[in-house]
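Chemist:
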Amino acid sequence: MFGLPWLGVWMLFWLWPLFEALSLSLHKNDPSGAGVFVGLSNYRYVWSDAIFLKALSNTSLYTLCNLMLILPLGFFLSAMLQSIPKRWQLLVSLILVLPILTPPSVLSWIFLMVFHGKQGLLNAWFITPLFHYQHGWLGPWIGVKEGFEYINWLKDPHYIMPALVMQASWRWAGMVAFLFHCAWSSLPIEVIQAAKLDGAQGISLYLRVIAPLLRHIFAFCGAMLIIDGVAYFSGAYFLLGQSGGTGNAGLMLVTHLYNQGFRWGYLGDACAIAISLLPLWVGLIVLLMTIKRKEVC
Amino acid sequence: MKQVPKWLGRAFFLFWICLSCYPFLWMFLSSFKQNTELFRPDRLWPQQWDFFAWQLLWKGELISLKQGLWNALYLSFGQTFLAAFLGYSYSFFLYFTKGRVKLGLTVLAVAAVVVPAQVMAIPLVQISQRLGLYDNAWSVLLTGGSTGLGVLYFIQAFKRIPKTLLDAAAIDGAGSLQLYGLFFQESKSHLLGFLLLFFMLCWHAHLLPLLLLHSEANLPLPLSMRSLLDSSLRFPRAVLMAASLFLIFPPLIFFMFGYRSLKNSLGEVLSDPDV
Chain A
8 MFGLPWLGVW
18 MLFWLWPLFE
28 ALSLSLHKND
38 PSGAGVFVGL
48 SNYRYVWSDA
58 IFLKALSNTS
68 LYTLCNLMLI
78 LPLGFFLSAM
88 LQSIPKRWQL
98 LVSLILVLPI
108 LTPPSVLSWI
118 FLMVFHGKQG
128 LLNAWFITPL
138 FHYQHGWLGP
148 WIGVKEGFEY
158 INWLKDPHYI
168 MPALVMQASW
178 RWAGMVAFLF
188 HCAWSSLPIE
198 VIQAAKLDGA
208 QGISLYLRVI
218 APLLRHIFAF
228 CGAMLIIDGV
238 AYFSGAYFLL
248 GQSGGTGNAG
258 LMLVTHLYNQ
268 GFRWGYLGDA
278 CAIAISLLPL
288 WVGLIVLLMT
298 IKRKEVC
Chain B
416 MKQVPKWLGR
426 AFFLFWICLS
436 CYPFLWMFLS
446 SFKQNTELFR
456 PDRLWPQQWD
466 FFAWQLLWKG
476 ELISLKQGLW
486 NALYLSFGQT
496 FLAAFLGYSY
506 SFFLYFTKGR
516 VKLGLTVLAV
526 AAVVVPAQVM
536 AIPLVQISQR
546 LGLYDNAWSV
556 LLTGGSTGLG
566 VLYFIQAFKR
576 IPKTLLDAAA
586 IDGAGSLQLY
596 GLFFQESKSH
606 LLGFLLLFFM
616 LCWHAHLLPL
626 LLLHSEANLP
636 LPLSMRSLLD
646 SSLRFPRAVL
656 MAASLFLIFP
666 PLIFFMFGYR
676 SLKNSLGEVL
686 SDPDV
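Just so you know, the sequences run in chain order A and B.
When you line the first sequence up against the numbering used here, it's residues 8 to 304, in that order.
When you line the second sequence up against the numbering used here, it's residues 416 to 690, in that order.
#1: Rounded to whole angstroms, what's the CA-CA distance from B:F466 to B:E476? Just pull it up for me.
#2: Go ahead and label B:P538 buried or exposed: buried means 16 or more other beta carbons lie within 10 angstroms of its beta carbon, across all protein chains shown.
#3: Excluding the 5 residues flanking A:W144 on each side, which residues of the same chain have their C-beta closer than 8 Å to its C-beta?
#4: Please state whether DSSP places A:H139 in a helix, a strand or coil.
#5: With 7 Å as the C-beta to C-beta threshold (strictly closer), list the residues of the region 77-91 of chain A near chain B in chain order.
#6: With a threshold of 7 Å between beta-carbons, can A:M120 be considered close to chain B, or not?
#7: Using 8 Å as the cut-off, can you tell me whether the region 650-669 of chain B makes contact with the region 445-461 of chain B, which would need three or more C-beta pairs spanning the two stretches below that distance?
#8: Within the 7 Å Cβ cut-off, does B:M416 reach chain A?
#9: Beta carbon of B:P456, beta carbon of A:L128: below 7 Å?
#10: Can you list, in chain order, the residues of its chain with a C-beta nearer than 6 Å to that of B:S543? Leave out the 5 residues immediately preceding and following it.
#11: At what residues does the alpha helix (DSSP H) containing A:F269 begin and finish?
#12: List the residues that DSSP assigns as beta-bridge partners of A:K35.
#13: Should A:L25 be flagged as near chain B, meaning a C-beta pair shorter than 7 Å?
#14: So if I threshold CB-CB distances at 7 Å, which residues from the region 40-64 of chain A count as touching chain B?
#15: Inspect the CB distances between the region 263-281 of chain A and the region 52-69 of chain A and report whether three or more fall short of 8 Å.
#16: Chain A partners of B:K574, CB-CB under 9 Å?
#17: Using Cβ-Cβ distances below 7 Å, what residues of the region 605-617 of chain B are close to chain A?
#18: Would you say A:L108 lies against chain B (beta-carbon separation less than 7 Å)?
#19: Can you check whether the CB of A:W23 is closer than 7 Å to the CB of B:S561?
#20: Mind checking if A:Q126 is an interface residue toward chain B, Cβ cutoff 7 Å exclusive?
#21: Apart from the five residues just before and just after A:N130, which ones in its own chain have a Cβ nearer than 6 Å to its Cβ?
#22: Check whether the Cβ atoms of A:T70 and A:I233 sit closer than 7 Å, and answer yes or no.
#23: Give me, in chain order, the residues of the same chain whose beta-carbon lies closer than 7 Å to that of A:C304; leave out the 5 immediate sequence neighbours on both sides.
#24: As an exercise, report each continuous alpha helix (DSSP H) stretch of at least 4 residues that is fully enclosed by the region 547-620 of chain B, in chain order.
#25: How should B:P420 be labelled, buried or exposed, when 16 other C-beta atoms within 10 angstroms of its C-beta is the threshold for buried?
#26: Can you look up A:H123 in the DSSP assignment and give me helix, strand or coil?
#27: Do the region 280-289 of chain A and the region 254-272 of chain A meet, that is, are 3 or more Cβ pairs less than 8 Å apart?
#28: For a cutoff of 7 Å on Cβ pairs, would you count B:K678 as touching chain A?
#29: Would the beta-carbon of A:G181 fall within 7 Å of that of B:S435?
#30: Can you check whether the C-beta of B:W422 is within less than 7 Å of a C-beta belonging to chain A?
#31: Measuring straight from C-alpha to C-alpha, what distance separates B:W460 and A:G124?
#32: With distance defined between alpha-carbon atoms, name the residue in B:G673, B:A498, B:A468 nearest to B:N450.
#33: Considering only C-alpha positions, which residue in the set A:A230, A:L212, A:G272, A:F225 is nearest to A:G290?
#34: Just checking my contact of A:F9 with B:F508 at CB under 8 Å: how many whole Å lie between their CB atoms?
#35: Against chain A, with Cβ distances strictly below 7 Å, would B:I432 count as a contact?
#36: Quick one: give me the first and last residue of the alpha helix (DSSP H) that A:A57 is part of.
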């Protein structure tokens with residue numbers, strides 16, 4: 008009796024749509040004709056489509072960069088959070104999670120101002136003062152290309168991905184730090200004290216004692232970042248628009264899916280994209296969990 | 416291992432805290448600026464304090480703040496309570512199930528977490544239309560409520576209930592409903608932790624309302640604001656800044672009041688190596 012409500016809703020709003028998506032992906036469902044069974048033709052088309060492959064590589068790169076940046080950064084911030092007096096921890100935690108508490112639409116609006124042209128915060132405060140080819144503090148010394156004044160973050164295809172990763176790092180690092188902080192606070196104090204008595208201190212205490220104790224949080228946060236990375240939509244959509252920026256440099260898989268299905272009406276292709284995502288998604292998480300299990304064993 | 420000076424770590428931490436705060440401070444102060452001034456993010460303080468955006472917002476002339484905010488709260492709270500109730504009940508059921516059946520039923524919840532709504536975006540719209548739920552808040556509530564996150568969370572939380580307590584309840588002849596209540600008593604703090612966490616997740620989830628809701632009267636505030644953004648480049652952007660602040664406050668307030676409970680609950684649940 009207690010299990011039935013969830014099972015019922017799950018079947019209606021998860022299992023049924025999944026089967027429908029599978030079925031739609033095997034049919035020709037576009038504005039010109041509907042409902043004709045075409046087998047794996049939609050999949051063949053999707054996997055030979057350069058834009059899909061671009062979106063796939065963008066999404067993979069975005070997810071990988073997020074994992075490599077946010078996990079260490081979150082751990083570091085959590086170590087600093089742990090070291091401040093308890094009465095300040097609520098306020099600092101609140102500030103750290105502020106970015107994740109903010110809806111992505113608002114965040115993108117903020118980041119539009121951060122990355123926007125010459126007067127954007129990043130250029131006005133860091134890039135131009137540091138790397139301007141003539142007047143920058145470092146520019147003339149490190150041989151910056153002549154004429155360089157600022158980076159066009161949202162137009163130059165080389166910098167669109169770094170801009171998106173910076174946005175994600177800013178958004179997630181504080182939350183990951185808070186999750187580490189929660190688990191860190193419930194670690195057995197004796198283990199840490201024993202390690203300190205054995206001479207572990209500073210960075211070695213954090214990297215050799217505490218980080219291994221928190222390895223399942225690394226795996227949990229990693230899985231969370233993978234799910235968020237592959238499903239990333241709102242931030243890029245609001246910041247770059249439907250096109251995904253110059254040369255599709257910021258086109259994400261879900262944005263491409265949204266365009267195919269809801270903008271152009273190619274429902275079969277859109278569902279084939281969605282189903283194609285599944286092995287990537289599940290594979291990455293299973294890989295992460297397998298690594299974690301092996302470590303625990 | 417070579418030591419990094421403490422001051423360097425603290426300086427970076429302070430820098431990160433400023434980095435987390437600055438955009439919000441800028442957003443707040445920008446709600447008092449005119450468009451020409453607003454597109455200069457390096458200028459923090461307004462040259463002249465102008466309250467027109469707050470007045471426009473309050474009067475509901477450009478967007479219906481009250482309606483949008485109410486819709487956003489209704490959708491987020493609705494999904495949160497539904498996910499908590501369904502997840503809690505299913506985990507309770509799983510607690511008393513054993514062997515391969517339990518494993519199989521748990522895998523269903525894991526699948527619901529791993530495969531997100533994006534994969535089912537198109538069929539979800541079609542199914543909602545077939546069920547007569549399109550442009551109805553219930554389509555979002557039920558889809559959000561079918562998450563497996565609550566199930567996995569409560570499975571971990573229930574592991575912390577002492578077996579002796581259950582044995583004592585069994586000796587006293589407690590039935591299913593009494594045990595359900597007992598589990599509720601024992602996992603209140605975890606329940607609160609889940610409510611806070613899931614509310615924050617729902618507050619940010621725009622894709623489902625974007626796909627399943629259509630009429631202005633049903634849209635949550637972030638989607639109403641999107642239509643304002645698309646309308647014209649000349650509309651006062653300060654209104655958007657002021658409205659955005661209203662979107663930050665609810666989760667911030669819940670986080671502040673539920674901090675201790677959330678921290679303890681997440682600490683316990685996340686410390687379990689089986690998570």
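Backbone N, C-alpha and C define an ideal beta-carbon position, used for all residues, glycine too.
Modeler: The relevant details are as follows:
#1: Within the second sequence, numbered from 1, the residue matching residue 466 of chain B stands at position 51. Within the second sequence, numbered from 1, the residue matching residue 476 of chain B stands at position 61. Rounded to whole angstroms, B:F466 to B:E476 spans 15 Å at the Cα level.
#2: In the second sequence, counting from the first residue as 1, residue 538 of chain B sits at position 123. Classification of B:P538: buried, given that the 10 Å Cβ count is 16 or more.
#3: Position 137 of the first sequence holds residue 144 of chain A. Here the set comprises P136, L137.
#4: Here residue 139 of chain A refers to the residue found at position 132 when the first sequence is read from its first residue. Correct three-state label for A:H139: coil.
#5: L84, M87
#6: Counting from one through the first sequence, the residue named residue 120 of chain A turns up at place 113. Answer yes: the Cβ-Cβ gap between A:M120 and chain B drops below 7 Å somewhere.
#7: yes
#8: What you label residue 416 of chain B is simply residue 1 of the second sequence in a count that begins at 1. Here B:M416 scores only 48 on pLDDT, less than 50, and its place in the model should not be relied on; the value that follows carries that caveat. True, the Cβ-Cβ gap to chain A drops below 7 Å.
#9: As a working mapping, residue 456 of chain B is identified with position 41 in the second sequence. As a working mapping, residue 128 of chain A is identified with position 121 in the first sequence. A contact, by the Cβ cut-off of 7 Å.
#10: What you label residue 543 of chain B is simply residue 128 of the second sequence in a count that begins at 1. The residues are Y549, S554, L627.
#11: Position 262 of the first sequence holds residue 269 of chain A. No alpha helix (DSSP H) holds A:F269; DSSP gives it neither H nor E.
#12: Along the first sequence, one-based indexing puts residue 35 of chain A at 28. According to DSSP, which records beta bridges pairwise, A:K35 is partnered with A:V43.
#13: Position 18 of the first sequence, counted from the start, is the residue given in the question as residue 25 of chain A. So yes, A:L25 belongs to the interface.
#14: With the criterion set as a beta carbon lying under 7 Å from some beta carbon of chain B, the region 40-64 of chain A has no members that meet it.
#15: yes
#16: The residue you call residue 574 of chain B lines up with position 159 of the second sequence. Under the 9 Å cutoff, chain A gives no residues; its nearest Cβ is about 14 Å from B:K574.
#17: M615
#18: Translated into the one-based positions of the first sequence, residue 108 of chain A becomes position 101. Yes, its Cβ sits closer than 7 Å to a Cβ of chain B.
#19: Looking up residue 561 of chain B in the second sequence gives position 146. Looking up residue 23 of chain A in the first sequence gives position 16. Not closer than 7 Å, so no.
#20: Looking up residue 126 of chain A in the first sequence gives position 119. Yes, because at least one Cβ of chain B sits closer than 7 Å to the Cβ of A:Q126.
#21: As a position in the first sequence, residue 130 of chain A is number 123, starting the count at 1. Closer than 6 Å at Cβ, skipping near neighbours: Y157.
#22: Locating residue 70 of chain A in the first sequence gives position 63, where the first residue counts as 1. Locating residue 233 of chain A in the first sequence gives position 226, where the first residue counts as 1. Cβ distance < 7 Å, so A:T70 and A:I233 count as in contact.
#23: Taking the first sequence and counting its residues from 1, one reaches residue 304 of chain A at position 297. With a pLDDT of 47 at A:C304, under the threshold of 50, the modelled position of that residue is not reliable, and the figure given next carries that caveat. Result list for A:C304: empty, nothing under 7 Å.
#24: 552-560, 564-573, 578-586, 591-601, 603-619
#25: Within the second sequence, numbered from 1, the residue matching residue 420 of chain B stands at position 5. Counting Cβ neighbours within 10 Å, B:P420 comes out exposed, since fewer than 16 surround it.
#26: Numbered from 1 along the first sequence, position 116 holds the residue referred to as residue 123 of chain A. Three-state DSSP puts A:H123 in coil, outside helix and strand.
#27: yes
#28: The count along the second sequence starts at 1 and reaches residue 678 of chain B at position 263. B:K678 counts as touching chain A.
#29: One-based indexing of the first sequence puts residue 181 of chain A at position 174. One-based indexing of the second sequence puts residue 435 of chain B at position 20. In this structure, B:S435 lies closer than 7 Å to A:G181 by Cβ.
#30: What you label residue 422 of chain B is simply residue 7 of the second sequence in a count that begins at 1. For B:W422, the answer is no, since every Cβ of chain A falls outside 7 Å of its Cβ.
#31: Counting from one through the second sequence, the residue named residue 460 of chain B turns up at place 45. Counting from one through the first sequence, the residue named residue 124 of chain A turns up at place 117. One Cα belongs to B:W460, the other to A:G124, and the distance between them is close to 21 Å.
#32: Position 35 of the second sequence, counted from the start, is the residue given in the question as residue 450 of chain B. Among B:G673, B:A498, B:A468, the Cα nearest to that of B:N450 belongs to B:A468.
#33: Translated into the one-based positions of the first sequence, residue 290 of chain A becomes position 283. Checked all of A:A230, A:L212, A:G272, A:F225; the closest Cα to A:G290 is A:A230.
#34: Mapped onto the first sequence, residue 9 of chain A falls at position 2. Mapped onto the second sequence, residue 508 of chain B falls at position 93. So it is a contact: roughly 4 Å between Cβ atoms.
#35: In the second sequence, the residue the question calls residue 432 of chain B occupies position 17. It does; some Cβ of chain A falls within 7 Å.
#36: In the first sequence, residue 57 of chain A corresponds to position 50, counting from 1. Where A:A57 is concerned, the enclosing alpha helix (DSSP H) stretches over 57-90.
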